[in-house]
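Scroll down for the structure; my scribbles are underneath it.
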Amino acid sequence: MTVDDHSIWGDETATVKLATDWAARRLVRETDPQSTARSASELAAAAGPTITATGIGADAALEVFDRVLEPATRAQDDPLNLAYIAAAPTRAAIAFDLVTSAANIFGGLWEAGAGAIYAENEALAWIVGLLGWPEGAGGCFVSGGTSGNLSALMTARETAKSRRGGRPAGGWQLACTANAHSSIRSAAKALDVEVVEVPMDARGHLTGAALRTVLEHSPDVFAVVASAGTTNEGLVDDLAEVAAVAHEFGVWLHVDGAYGGAGLAAPSVRALFDGIEQADSFIVDPHKWLFAPYDCCALLYRDPALARATHSQHANYLDHVDRESWNPSELALHLSRRARGLPLWFSLATHGTDRYRDAIEASLETSRAVAAAIRASDHLRLVREPELSVVVFDRPGWQPADYEAWSHATAVEGTMLCVPTTLDGETVLRLAFVNPATDAARVIEILDTLR
Ligand SMILES: Cc1ncc(COP(=O)(O)O)c(C=O)c1O
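When we follow my numbering, the leftmost residue of the sequence shown carries the number 1, and every step to the right adds one.
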């Protein structure tokens with residue numbers, strides 16, 4: 001059957017062309033970092049009714065999307081979008097996201113998605129190589145760091161349950177620092193486990209010594225979460241020490257590298273990750289700093305059999321599933337899944353891993369150049385030396401309202417997106433560099449407006 005002979009949907013050929021032409025135009029369009037959210041009532045007024053009994057038709061729907069809806073979204077790929085953690089997918093990755101959708105692959109089971117899963121596993125194997133993990137390690141792609149962290153910690157908890165003979169009387173505990181990403185606390189809530197906070201060193205790292213003190217008094221800790229790139233500051237915990245202590249106490253080490261894990265591919269910062277080869281599970285979001293579109297998290301296990309024992313779903317209609325095959329649905333908290341790793345695979349295959357290394361190094365160089373300019377300036381203060389590509393600084397003399405006003409004005413003008421955050425209770429500014437197209441000189445020029 002072709003798109004033009006369906007008795008229900010009619011001829012969709014022109015609709016397909018309309019949508020794919022729009023996508024092709026967007027891929028080569030200039031963006032700007034304007035903050036463009038509008039209220040739902042404004043959007044309703046501008047868009048008019050779109051869901052009707054007979055449909056408004058593809059032309060009208062795309063017109064609304066183009067004129068009203070898409071302009072009310074933030075361009076994550078703009079080189080001057082330095083707020084939160086943006087995303088800078090390669091054109092190859094985005095184009096292949098369209099291909100992935102068009103191929104409409106069920107990526108949960110090998111029997112349905114073998115070719116796609118094979119390619120996803122090639123991309124995962126590159127990351128396993130960067131981690132220095134042994135043969136047999138592997139995982140799957142899930143929607144984001146939040147679900148990756150949850151799936152990994154669920155595996156850790158189930159593993160502890162079977163190794164230690166059931167749930168402790170007082171329940172399980174999870175150890176991390178206050179700098180661990182908020183999704184770790186969400187995972188703890190979902191798993192109904194208590195979070196034990198490990199005190200940080202002066203700079204905000206998790207260290208082996210502090211972890212030891214906690215584990216000596218907390219026998220029910222089943223996992224420790226270390227950060228390989230905290231979101232607020234880009235700090236990498238002391239992974240080697242933490243791994244040694246965690247394993248001495250029989251505790252699972254999960255490393256959250258959702259943002260910073262990309263640094264594994266960058267020789268200039270690789271040493272920060274030493275010890276990661278000992279971790280039991282790891283996540284990195286290719287939609288953050290590995291140039292893939294949303295939504296994509298690589299979730300990896302040193303021993304995937306433990307994930308399988310945790311996540312395999314069993315039901316009458318699933319009885320015939322070949323459990324010997326590599327089934328991504330058995331490695332995380334999901335069943336149906338799109339083959340969301342394919343855009344990363346295609347981009348890696350197209351550009352090669354050397355270019356990925358260079359692109360990550362480019363963001364690191366940009367962050368170093370901006371940090372150096374801030375250090376040398378007479379009106380700004382570098383609050384911390386950056387470890388990866390997040391630069392945190394302040395404008396001595398300014399109050400929170402001044403930061404808000406400047407951030408808002410630059411966003412509305414479309415000059416740059418840079419939002420305030422807090423560090424040790426103080427309001428500061430934060431720039432997160434993940435786009436190799438960001439021009440350090442332009443950023444430095446804009447920072448002059450903070451005078
Ligand atoms: C360190 C870290 N972990 C986890 C997450 C959550 O990832 P996601 O937004 O993909 O769910 C983030 C998001 O910024 C992060 O920076």
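Just so you know, even glycine gets a beta-carbon here, dropped at the ideal spot from N, CA and C.
Note that this is a predicted model, so its numbers are computed, not measured.
Does the beta-carbon of Tyr259 have 16 or more other beta-carbons within 10 angstroms, so that it is buried, or is it exposed? buried
Check the C-beta distance from Asn121 over to Trp326 and give it rounded, since I have them as a contact under 8 Å. 7 Å
By the three-class DSSP mapping on this structure, what secondary structure does Trp289 have? helix
Under the criterion of a Cβ to heavy atom distance below 7 Å, does Thr421 qualify as lining ligand 1? no
As assigned by DSSP and simplified to three states, the class of Pro386: coil
At a cut-off of 7 Å, is Thr310 close to ligand 1 when judged by its beta-carbon and the heavy atoms of the ligand? no
Rank Arg203, Leu153, Glu233 and Gly204 by C-alpha distance to the C-alpha of Val225 and give the top, closest one. Leu153
Given 7 Å as the limit, tell me if Asn459 has its C-beta closer than that to any heavy atom belonging to ligand 1. With the chain represented from 1 up to 451, any question about residue 459 goes unanswered, as that position is not in the structure.
What's the gap between the Cα of Ala452 and the Cα of Ala411? As shown, the chain starts at 1 and ends at 451. That puts residue 452 outside it, with no answer to give.
Specify the secondary structure class of His217 as computed by DSSP and reduced to three states. helix
Which one or two residues does DSSP pair with Gln34 in a beta bridge? For Gln34, which the question treats as bridged, DSSP gives no partner whatsoever.
Ligand 1 and Tyr356: does any heavy atom of the ligand fall closer than 7 Å to the residue's C-beta? no
Kindly confirm or deny that the region 418-426 and the region 385-400 touch, where touching means at least three C-beta pairs closer than 8 Å. yes
From Ala83, Asp237 and Val196, residue whose alpha carbon lies closest to that of His217: When each option's Cα is compared against that of His217, the closest is Val196.
Rounded straight-line distance, which links the Cα of Arg384 to that of Ala209: 23 Å
8 Å contact criterion, which Ala307 and Thr155 should meet: CB distance rounded: With a beta-carbon spacing of about 5 Å, Ala307 and Thr155 fall inside the 8 Å limit used to define contacts.
Pick helix, strand or coil for Gln173, following the three-state DSSP scheme. strand
Please return the same chain residues whose Cβ sits closer than 8 Å to the Cβ of Arg451, not counting the five positions on each side in sequence. His379
Please classify Leu318 as buried or exposed, where buried requires at least 16 neighbouring CB atoms within 10 angstroms. exposed
Leaving out five residues on either side along the sequence, give the residues of the same chain with a beta carbon under 6 Å from the beta carbon of Leu18. Around Leu18: Ala58 and Leu62.
Where does Glu324 fall in DSSP's three states? coil
Beta-carbon within less than 6 Å of Arg340's beta-carbon, same chain only, minus the 5 sequence neighbours each way: which residues are those? Phe141 and Cys296
With hydrogens ignored, establish whether the beta-carbon of Asp285 is closer than 7 Å to any heavy atom of ligand 1. yes
Buried or exposed: which applies to Gly148, given that a residue is buried once 16 or more other Cβ atoms fall within 10 Å of its Cβ? buried
Is the distance from the Cβ of Leu348 to the Cβ of Ala123 below 8 Å? yes
Between the alpha carbons of Asp77 and Pro89, how many angstroms are there, rounded? Inter-residue distance for Asp77 and Pro89 is about 7 Å (C-alpha atoms, whole angstroms).
Quick one: Cα of Ala265 to Cα of Gly414, how far? 32 Å
Output needed for Arg91: all residues of its chain with C-beta closer than 6 Å, excluding positions within five of it in sequence on either side, in chain order. Within the same chain, and ignoring the five residues on either side of Arg91 in sequence, the residues whose Cβ sits closer than 6 Å to its Cβ are Leu27.
Other residues of its chain near Gln454: CB distance less than 6 Å, five sequence neighbours each side excluded: Residue 454 is absent from the structure shown; the chain starts at 1 and stops at 451.
In angstroms with no decimal places, state the Cα-to-Cα distance between Thr36 and Ala72. Between Thr36 and Ala72, the C-alpha separation is close to 5 Å.
Quick one: is Ala116 buried, meaning 16 or more other Cβ sit within 10 Å of its Cβ, or exposed? buried
Name, in chain order, the residues that DSSP records as bridge partners for Arg381. Asp394
Taking 8 Å as the CB-CB cut-off, is Thr20 touching chain B? Absent here is chain B; the protein component of the structure consists of one chain.
So within the region 71-113, which uninterrupted beta strand (DSSP E) runs reach at least 3 residues, ignoring any that extend past its ends? Correct list: empty.
Any heavy atom of ligand 1 closer than 7 Å to the CB of Gly234? no
Using 8 Å as the Cβ pair cut-off and three pairs as the minimum, do the region 229-244 and the region 183-196 touch? No: the two stretches stay apart, fewer than three of their Cβ pairs being nearer than 8 Å.
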